[in-house]
Ligand SMILES: [Zn+2]
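In our numbering, the protein residues as written are 334 to 678.
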């Protein structure tokens with residue numbers, strides 16, 4: 334989903350291996366991702382004798398080579414002493430273990446992000462776990478896509494996350510954290526990823542939003558086999574409504590993807606409204622019983638391509654789960670194992 338025009342000071346991202354200084358001592362850089370969303374933003378904050386970086390990109394030899402270029406170039410050869418990770422997804426935590434074990438950096442993140450990432454990197458599966466397959470069937474995954482997936486080796490977290498050594502430094506809700514010559518209030522997001530850290534500068538207008546709030550795409554909110562009954566839509570809405578009073582129009586929001594932007598209060602209200610709109614359309618769509626996979630049209634209002642199918646499916650499950658937890662739909666098992674959701678009464 335693209336927006337008409339970015340509402341921010343920059344219309345173009347930094348080129349590969351280069352940085353844009355978004356505020357004094359704060360560099361914005363990009364790393365490539367091998368998927369439809371083809372990049373992730375990372376930031377470096379000048380601590381005087383070294384850098385704190387925020388997020389690390391997906392683990393690959395290519396992204397580590399780009400980091401080496403960035404460290405020798407825009408970072409001026411000063412050491413990366415700390416790595417702050419906003420949440421546990423591979424595009425953010427992927428190279429954290431490399432910074433720890435090869436560069437001696439300290440990892441700073443939330444307890445849930447660390448536990449999730451380390452658990453998943455250690456959980457290497459050569460064949461598909463039955464729970465994952467049952468989850469796909471219960472979501473009504475397209476049989477052709479299901480068969481193609483089952484025929485391949487399963488995705489493993491460790492394919493895209495560098496081995497994580499033992500040990501990290503915890504940040505939590507309400508902490509005051511110093512980096513880049515500024516004091517930052519730490520507030521927890523949720524819904525896109527559990528215990529997702531966001532940072533709110535006390536000394537200027539900077540906010541590091543990670544993937545909790547993005548400028549021109551909506552943060553993916555998904556349900557996975559780990560917790561099939563989760564309600565991350567409720568969690569995301571709760572977090573955004575809790576963070577909304579902290580926002581100001583003049584803040585510069587530094588997100589995990591797309592461009593830094595102004596107008597955080599407006600963007601947050603817009604994202605919240607979009608979810609309420611999608612839920613209302615979904616409820617109408619469920620006048621007839623349907624699987625989660627049959628709910629793409631009212632949720633996304635566009636054709637979902639093969640490369641987006643997986644993310645669309647977990648997002649559809651999140652939205653039907655939310656209606657189910659609100660008590661607005663019932664569900665029943667179809668013979669093939671798929672849940673059919675239908676509006677109540
Ligand atoms: Zn991300």
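Here a beta-carbon is modelled for each residue, glycine too, at the ideal position from N, C-alpha and C.
Tell me whether the beta-carbon of residue i lies closer than 8 Å to the beta-carbon of residue j.
i, j, result
"residue 580", "residue 601", "yes"
"residue 574", "residue 524", "no"
"residue 537", "residue 356", "yes"
"residue 343", "residue 578", "no"
"residue 548", "residue 341", "yes"
"residue 652", "residue 615", "yes"
"residue 566", "residue 520", "no"
"residue 585", "residue 595", "yes"
"residue 473", "residue 671", "yes"
"residue 508", "residue 535", "no"
Can you round the beta-carbon distance between residue i and residue j to whole angstroms, since I take them to be within the 8 Å contact cut?
i, j, result
"residue 556", "residue 654", "6 Å"
"residue 379", "residue 358", "4 Å"
"residue 494", "residue 423", "5 Å"
"residue 465", "residue 503", "Incorrect: roughly 30 Å between the Cβ atoms, too far for contact."
"residue 648", "residue 632", "7 Å"
"residue 349", "residue 386", "About 16 Å; that fails the 8 Å criterion."
"residue 604", "residue 541", "Not really, about 17 Å apart at Cβ, beyond 8 Å."
"residue 372", "residue 360", "That pair is no contact at about 16 Å."
What's the C-alpha gap between residue i and residue j?
i, j, result
"residue 377", "residue 413", "9 Å"
"residue 471", "residue 477", "15 Å"
"residue 617", "residue 514", "51 Å"
"residue 408", "residue 454", "29 Å"
"residue 650", "residue 625", "5 Å"
"residue 432", "residue 439", "8 Å"
"residue 475", "residue 559", "21 Å"
"residue 576", "residue 485", "41 Å"
"residue 553", "residue 644", "7 Å"
"residue 362", "residue 435", "21 Å"
"residue 678", "residue 665", "14 Å"
"residue 456", "residue 441", "22 Å"
"residue 483", "residue 642", "15 Å"
"residue 582", "residue 448", "35 Å"
"residue 451", "residue 612", "34 Å"
"residue 334", "residue 463", "Confidence at residue 334 is low in this model, with a pLDDT of 40, below 50, so its placement is unreliable and no value can be given for it."
"residue 404", "residue 366", "19 Å"
"residue 346", "residue 390", "16 Å"
Legend entry - In chain order, each beta strand (DSSP E) run of at least 3 residues that lies wholly inside the stretch 561-598: Qualifying beta strand (DSSP E) stretches, in chain order: 585-588.
Inset, instruction - Report yes or no: do three or more beta-carbon pairs, one from the stretch 418-433 and one from the stretch 529-547, lie closer than 8 Å? - result: In short, these stretches touch, since the Cβ pair count reaches three.
Inset, instruction - Only counting runs of 4 or more residues, tell me where the alpha helix (DSSP H) segments fall wholly within the stretch 602-674, in order along the chain. - result: Taken in chain order, the unbroken stretches of alpha helix (DSSP H) that lie wholly in the stretch 602-674 and span 4 residues or more are 629-633 and 642-659.
Legend entry - Those runs of the beta strand (DSSP E) which lie wholly inside the stretch 352-427 and span at least 3 residues: Entirely contained in the stretch 352-427, the beta strand (DSSP E) runs reaching 3 residues are, in chain order, 353-356, 359-365, 372-379, 384-387 and 413-417.
Inset, instruction - Mind listing, in chain order, the continuous beta strand (DSSP E) runs of no fewer than 3 residues lying wholly within the stretch 513-547? - result: Within the stretch 513-547, the complete beta strand (DSSP E) runs of at least 3 residues fall at 515-522, 529-534 and 539-543.
Inset, instruction - May I have a chain-ordered list of the beta strand (DSSP E) segments no shorter than 3 residues that lie completely inside the stretch 422-505? - result: DSSP runs (the beta strand (DSSP E)) wholly in the stretch 422-505: 439-442.
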